[in-house]
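Take a look at the structure set out below.
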Ligand SMILES: [Zn+2]
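Numbering (the working numbering), first residue to last: 69 to 389.
Structure (structure tokens):
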């Protein structure tokens, strides 16, 4: 019998989403478990995950016989080694390396598991089912708590010689006195253009000026607060997005010089601020890109339903198994 179904698993810092997917990209069943209640016990987490995967397969009315494999997107997931290594947001993989794919295959009685980082999984999802369908060269940028990226060249995700390629969130965008980044360096794109970076820009500007802003009444500002303020016409909040979009656009101009993509595809919570980010991004990109690519590279936003996108992205990996 042909194995016509795959399972997509999206490992996040707080929750892990699991879904059974068919070849058309329909999610037949899905479930969620916590990622953060297992502390440093990787095996306990993986056993709970295996149980949830089995339940999800049953829920879809399928058996192991119908499943081609399990695709997993996880922060710092390594495609070559199947390990999750030094992932600061996952307590069970924060200080070392966990042989994730091997342990999960064992816990599932032999079902094959393929693993990559979450941004690469998102790129595969967009290529299989979303905004990048039909594209062979594009760069996926995920704008969430952090900034992730997946680089696709000639229809293939670039993994590099060690499996970690595509850390564009950690290119330096401010060389002198740049902000400290979670990676231990300074001036990274992520320190400015992630959800955390946006909130930080707002706080810095509020602290350094007397400019009136509705954000002054907010106790601990999040990117969502800045977004809501911008929607209400708050001038400072609008400028925060203009600043963020400009830094992103400049960075895209550099990325384009590397792989000549057809498009930059954006995904993630912060990409919801499209109405405020798009114009400054396009402007800064075209002002800074080499002339041969001026006005030629599109910036597009993910078309996948947000609740399914992470599962679909991870599942796309399992079709290769
Ligand atoms: Zn960094």
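Glycine included, C-beta positions come from ideal geometry on N, C-alpha and C.
> Does the region 204-212 come close enough to the region 149-160 that 3 or more CB-CB pairs lie under 8 Å?
Replying inline: no
Exercise. Residues in its own chain within less than 8 Å of residue 349 by CB, not counting five upstream and five downstream?
Worked result: Numbered from its first residue, the chain shown carries residue 349 at position 281. Excluding residues within five positions, the ones whose Cβ falls inside 8 Å are 313, 314, 316, 317, 320 and 367.
Please find out if some non-hydrogen atom of ligand 1 comes closer than 8 Å to the beta-carbon of residue 388. Translated into positions along the chain shown, residue 388 becomes position 320. Outside the cutoff, so no.
Can you look up residue 349 in the DSSP assignment and give me helix, strand or coil?
Counting from 1 along the chain shown, the entry for residue 349 is found at position 281. Residue 349 falls in the helix class under three-state DSSP.
Inset, instruction - Tell whether a beta-carbon distance below 9 Å holds between residue 192 and residue 225. - result: Along the chain shown, read from residue 1 onward, the residue named residue 192 stands at position 124. Along the chain shown, read from residue 1 onward, the residue named residue 225 stands at position 157. It is a contact, given that the beta carbons lie within the stated cut-off.
TODO: With ligand 1 as the reference, list in chain order each residue whose Cβ lies under 6 Å from any of its heavy atoms.
DONE: 238, 249, 251, 253, 256 and 258
Does the Cβ-Cβ distance between residue 127 and residue 172 come in under 9 Å? To locate residue 127, count along the chain shown from 1; it is residue 59. To locate residue 172, count along the chain shown from 1; it is residue 104. Not a contact, by the Cβ cut-off of 9 Å.
**Asked** Taking only runs of the alpha helix (DSSP H) that begin and end inside the region 227-287, which ones reach a length of at least 4 residues, in chain order?
**Response** 257-261 and 263-276
Problem set entry | Touching by the beta-carbon criterion (3+ pairs, under 8 Å), the region 260-271 and the region 331-339 | yes
Spatial distance of residue 387 from residue 108 (CA atoms)
As a first step, residue 387 must be located in the chain shown, where it is residue number 319. As a first step, residue 108 must be located in the chain shown, where it is residue number 40. Their Cα atoms are separated by approximately 31 Å.
Original post:
Can you tell me whether residue 281 is buried or exposed, with buried defined as 16 or more other CB within 10 angstroms of its CB?
Top reply: On the chain shown, residue 281 is found 213 positions in, with the first residue counted as 1. So residue 281 ends up on the buried side.
Which value, in whole angstroms, describes the spacing of the CA atoms of residue 124 and residue 178? By one-based count along the chain shown, residue 124 stands at place 56. By one-based count along the chain shown, residue 178 stands at place 110. Using only the alpha carbons, I get a separation of about 17 Å.
### Query
Apart from the five residues on each side of it in sequence, which residues of its chain come closer than 6 Å, Cβ to Cβ, to residue 210?
Your numbering for residue 210 matches position 142 in the chain shown. 187, 190, 216, 335 and 336, listed in sequence order.
Buried or exposed for residue 279, going by 16 or more other Cβ atoms inside 10 Å? By 1-based counting over the chain shown, the position of residue 279 is 211. With fewer than 16 Cβ atoms within 10 Å of its Cβ, residue 279 is classed as exposed.
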